[in-house]
Amino acid sequence: MTRKESEAELGMCSNITRRDFLNGVAITLGAAMLPSSDLLAQEAGPDSSAQEYFLSKGITQQDPTYYPPALTGMRGSHPGSFEVAHSLRDGHRWSEAGTDEESYDLIVVGGGISGLAAAYFFRQAAGAKAKILILDNHDDFGGHAKRNEFRAGDRLLLGYGGTQSIEAPGRYSKVASGLLKELGIDTQKFYKYYDRKLFESMNLKSATFFDKETFGKDVLWPHMIVGFDETFFGSTNLTPEIVAQIPIDEVARKDLLRLQREAVDYFPDLDPQQTRLKLMKTSYKDFLLQVAKVHPDVVKVFQSSTHDLYCVGIDAVSALACRGTGYPGFRGLKPTTRRSATAGSEEEGEEPYIFHFPDGNASVARLLVRSLIPECAPGHTMEDIVTAKINYARLDNPQNNVRIRLNSTVVAAKHVGDPSNAKEVEVTYVLAGQAHKLRGAHCVMACYNCIVPYLCPEMPEKQKEALVYAVKQPLVYTNVQIRNWTSFQKLGIRYIYAPGSYFCSTTLDFPVSLGDYKFPSSPEESCLLHLVRTPCSPGLPCKDQFRAGRYELLSTPFDTFERKIRDQLGRMLGAGGFDPAKDIQAITVNRWPHGYAYEYNQLFEPVDRPPSERPCVIGRQPFGRITIANSDSDGHAYTNIAIDQGYRAVQEALSGKPSRQGS
Ligand SMILES: Cc1cc2nc3c(=O)[nH]c(=O)nc-3n(C[C@H](O)[C@H](O)[C@H](O)COP(=O)(O)OP(=O)(O)OC[C@H]3O[C@@H](n4cnc5c(N)ncnc54)[C@H](O)[C@@H]3O)c2cc1C
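In this text, residue positions in the sequence shown follow numbering that gives the first Met the number 0: the first is 0, and each later residue adds one.
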């Protein structure tokens with residue numbers, strides 16, 4: 000098949016015009032404030048960046064037409080956001096920077112939730128007159144907390160480009176839950192806003208798609224192999240009849256049933272602690288093949304079921320972790336924790352996975368920004384923030400004490416004098432190719448921790464080594480706007496796990512309505528699908544998989560994603576009448592080469608290392624007037640951690656001492 004024919008088959012040429020995508024930079028028509036005639040006239044080069052796009056039009060952050068959430072195409076770490084940082088890594092220096100006439104009480108590097116929270120806590124402690132500047136390299140604030148907007152006629156559709164939900168808010172620290180409260184977020188309200196009955200009332204379940212490249216033929220199997228949280232994934236009790244529909248070897252089918260049913264203690268000579276250690280240092284893949292001795296086809300079935308959570312497959316996730324999340328094969332083993340078989344249920348006090356704003360935790364970031372700069376958006380509730388339009392032109396207003404400057408990559412932070420008694424830090428950042436210098440009495444590094452040694456080369460070697468130890472976990476969150484979701488209704492599904500496919504999961508958006516925002520609850524309505532890809536290289540140690548994945552993400556053009564989306568959705572949903580050419584209306588690919596904070600994978604990390612000796616703890620020590628935040632600084636990829644670490648960094652800045660807070 001020629002490229003042209005295959006494009007036609009996938010509907011590449013129809014419905015979504017090139018004008019919509021502009022090679023990876025597109026504006027949701029109707030939502031953008033740019034006139035569409037401008038779009039028609041615009042022809043950007045391959046993978047041109049949103050930043051370049053805005054700049055080529057003479058549109059800066061100060062321009063009233065600047066509105067990044069409405070951009071579709073390649074988002075997340077969009078072209079234009081990372082090149083300056085990468086050239087710093089490769090040895091480029093910006094000695095030509097002049098000194099700007101600006102000085103601040105606090106300069107925050109990184110406008111994600113941690114950086115925004117740090118600004119919030121600093122202002123709370125230092126008073127409303129404190130002058131604070133937040134610098135971020137992306138064209139939008141929020142870091143991973145990214146809002147994606149779409150339009151279906153007059154209707155606004157909201158998606159999340161990164162951070163999805165407030166997970167288990169009951170376990171948030173006093174600081175993090177206190178901040179949510181001060182921002183007006185009452186998580187109890189999600190019990191009303193999240194329609195937990197909708198999909199159930201339509202009898203929509205989770206399914207598994209076995210692709211022909213991996214399993215010999217395409218099969219949409221209307222069951223889930225792993226019983227995760229019922230509110231989201233669903234589960235199934237396997238029977239021989241159900242298993243017979245899976246396109247794998249007959250022996251593998253029997254092994255699947257055996258895994259689910261048998262209660263064998265594979266380690267009769269080990270006590271519970273030794274069993275725990277054994278499972279911790281054995282991957283689930285090895286457990287299946289070498290301990291439970293299943294047919295290799297069973298591994299293919301489970302391989303990418305851990306991608307969403309760990310960004311690697313079962314070859315790089317411990318059997319202990321899989322045991323804790325309900326994988327089969329462990330029924331006969333000695334208990335390794337006091338968790339009962341039903342732990343995790345709501346009856347046991349575990350919170351459901353429902354604390355979700357339509358744009359994910361971008362709403363948390365937007366509430367922080369509205370609190371820091373009230374004039375940038377109307378309203379004051381958790382409901383009205385969802386549809387409030389941020390006026391980006393007001394974010395960096397010289398009249399305000401708090402300012403947010405986007406498209407600005409920090410390339411150096413140096414004390415003015417000896418770090419032990421300096422009164423100021425000089426910060427250099429690059430905006431539109433120009434280097435600028437500023438001064439701050441304090442500087443919080445809320446950026447990826449691995450870049451800090453490049454910004455502060457005079458830090459102690461041990462600290463720099465610790466900061467680059469972690470490798471962030473790459474992944475892609477893709478939002479696809481579809482004309483309607485009748486195909487899901489016809490097929491009786493809402494979530495698809497696809498163990499061999501490009502995207503490991505596809506799901507209908509969360510059914511959440513709040514304020515003026517209404518979830519498109521009729522299948523006839525246009526809605527968003529959420530697809531996840533985790534670029535792994537099975538078999539390598541996890542950090543090497545992350546490095547390879549990052550490279551893959553940065554070198555994959557938007558075109559490839561679009562092609563894969565059309566192909567996969569067409570094959571999975573075709574039997575329900577889905578036609579990619581007619582049904583796909585817009586695509587936003589949020590790629591995160593530096594995604595989740597590195598989470599100290601127990602399979603590859605020393606077991607006897609005390610928490611205080613984790614590299615993230617050594618790396619986050621204050622250095623003169625520079626303190627270190629970001630979820631990286633506690634090795635957990637969560638919103639509450641980002642907040643806690645922002646708080647700790649501010650306490651350290653104000654007290655001049657390391658803080659144990661957030662350990
Ligand atoms: C796809 C995805 C899904 C997630 N889902 C969830 C979820 O459901 N729930 C949850 O609790 N957590 C989730 N997380 C984890 C998420 O990372 C944290 O919740 C939180 O948003 C991290 O915030 P942060 O401020 O620490 O880091 P970030 O959001 O990464 O913010 C750091 C910012 O600093 C910027 N920066 C880096 N270097 C520089 C520089 N030199 N100059 C200027 N700026 C710089 C970065 O580009 C970025 O914008 C998810 C993460 C990802 C990637």
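C-beta: ideal position from N, C-alpha, C; glycine also.
May I ask whether a heavy atom of ligand 1 can be found less than 7 Å away from the beta carbon of residue i?
i: Cys449; result: no
i: Asp543; result: no
i: Arg99; result: With the sequence shown as reference, residue 99 is identified as Asp, and Arg is not the correct amino acid for it. No, the beta carbon of Asp99 sits no closer than 7 Å to any heavy atom of ligand 1.
i: Ile627; result: no
i: Asp135; result: yes
i: Trp93; result: no
i: Ala144; result: yes
i: Trp591; result: yes
i: Gly152; result: no
i: Ser113; result: yes
i: Asn202; result: no
i: Tyr595; result: yes
i: Glu166; result: yes
i: Ser520; result: no
i: Gln433; result: no
i: Asn360; result: yes
i: Ala652; result: no
i: Gln163; result: yes
i: Leu474; result: yes
i: Ser407; result: yes
i: Thr669; result: No information on residue 669 is available, as it lies outside the stretch 0 to 662 that the chain covers here.
i: Tyr750; result: Any answer about residue 750 is impossible in this case: the structure gives the chain only from 0 up to 662.
i: Cys535; result: no
i: Thr427; result: no
i: Ser630; result: yes
i: Tyr637; result: yes
Less than 8 Å between the CB atoms is what I'm expecting for residue i and residue j, so what's the real figure, rounded?
i: Val443; j: Ala648; result: 5 Å
i: Tyr265; j: Tyr326; result: No, Tyr265 and Tyr326 are not in contact; Cβ-Cβ is about 14 Å, not under 8 Å.
i: Gln620; j: Gln472; result: Not really, about 24 Å apart at Cβ, beyond 8 Å.
i: Gly142; j: Gly90; result: Going by Cβ atoms, the distance from Gly142 to Gly90 rounds to 26 Å, so no, they are not a contact pair.
i: Met73; j: Phe557; result: 5 Å
i: Val479; j: Cys503; result: 15 Å between Cβ atoms; not a contact.
i: Gln666; j: Leu332; result: With the chain represented from 0 up to 662, any question about residue 666 goes unanswered, as that position is not in the structure.
i: Lys436; j: Asp99; result: 6 Å
Determine, using beta carbons only, whether residue i and residue j come nearer to each other than 8 Å.
i: Ala117; j: Ala636; result: no
i: Tyr476; j: Ser205; result: no
i: Ser632; j: Gln650; result: no
i: Gly499; j: Thr213; result: yes
i: Leu237; j: Ala291; result: no
i: Pro534; j: Gly548; result: yes
i: Arg393; j: Glu374; result: yes
i: Pro537; j: Phe603; result: no
i: Tyr516; j: Thr305; result: no
i: Arg122; j: Val401; result: yes
i: Pro519; j: Glu457; result: no
i: Ile106; j: Val616; result: no
Going along the chain, which residues of its own chain have a beta-carbon closer than 7 Å to the beta-carbon of residue i, five neighbours each way excluded?
i: Gly432; result: none
i: Asp582; result: Ile481 and Arg482
i: Ser36; result: Confidence at Ser36 is low in this model, with a pLDDT of 27, below 50, so the placement of that residue is unreliable and no value is reported for it.
i: Val467; result: Cys449 and Pro452
i: Ala364; result: Ile112, Leu115, Phe140, Gly141 and Ala144
i: Ser339; result: Unreliable placement is indicated for Ser339, whose pLDDT of 41 sits below 50; the coordinate value is still reported in the next sentence. Excluding positions up to five away in sequence, the list is empty.
Ordered along the chain, which non-local residues of its own chain (more than five positions away) have a Cβ less than 6 Å from that of residue i?
i: Val293; result: Asp254 and Leu287
i: Thr1; result: Note that Thr1 scores 37 on pLDDT, short of 50, meaning its location in the model is unreliable and no value can be drawn from it.
i: Gly359; result: Tyr159, Thr162 and Gln163
i: Arg330; result: Ala262
i: Glu229; result: Bear in mind that a pLDDT of 41 at Glu229, under 50, signals an unreliable position, so the model cannot answer this.
i: Glu181; result: none
i: Asp296; result: Ile247, Asp248 and Ala251
Under a CB-based cut-off of 8 Å, is residue i close to chain B?
i: Val410; result: Any reference to chain B falls outside this structure, which holds one protein chain only.
Considering only heavy atoms of ligand 2, does any lie closer than 7 Å to the CB of residue i?
i: Gln480; result: Although ligand 2 was asked about, the structure shown includes only ligand 1 as ligands.
Near residue i, what residues of its chain come up, given a Cβ to Cβ distance below 8 Å and the 5 sequence neighbours on each side ignored?
i: Gly655; result: Pro621
In chain order, which beta strand (DSSP E) runs of at least 3 residues are fully inside the segment 106-170?
Unbroken beta strand (DSSP E) runs of no fewer than 3 residues, entirely contained in the segment 106-170, are found at 131-134, 146-151 and 154-159, following chain order.
* Asked: Could you give the uninterrupted runs of the beta strand (DSSP E) lying entirely in the segment 201-254, keeping only those of 3 residues or more?
  -> Here the runs fully enclosed are 204-209 and 218-220.
**OP:** Could you pull out every unbroken beta strand (DSSP E) segment of at least 3 residues lying fully inside the segment 492-567, listed in chain order?
**Re:** 492-496, 504-507 and 526-532
Whole runs of the alpha helix (DSSP H) within the segment 354-417, excluding any shorter than 4 residues:
361-371
Would you list, in sequence order, the uninterrupted beta strand (DSSP E) runs of no fewer than 3 residues that lie entirely inside the segment 430-505? 433-444, 472-481 and 492-496
4 or more residues per run - each alpha helix (DSSP H) lying fully within the segment 609-637: 614-618
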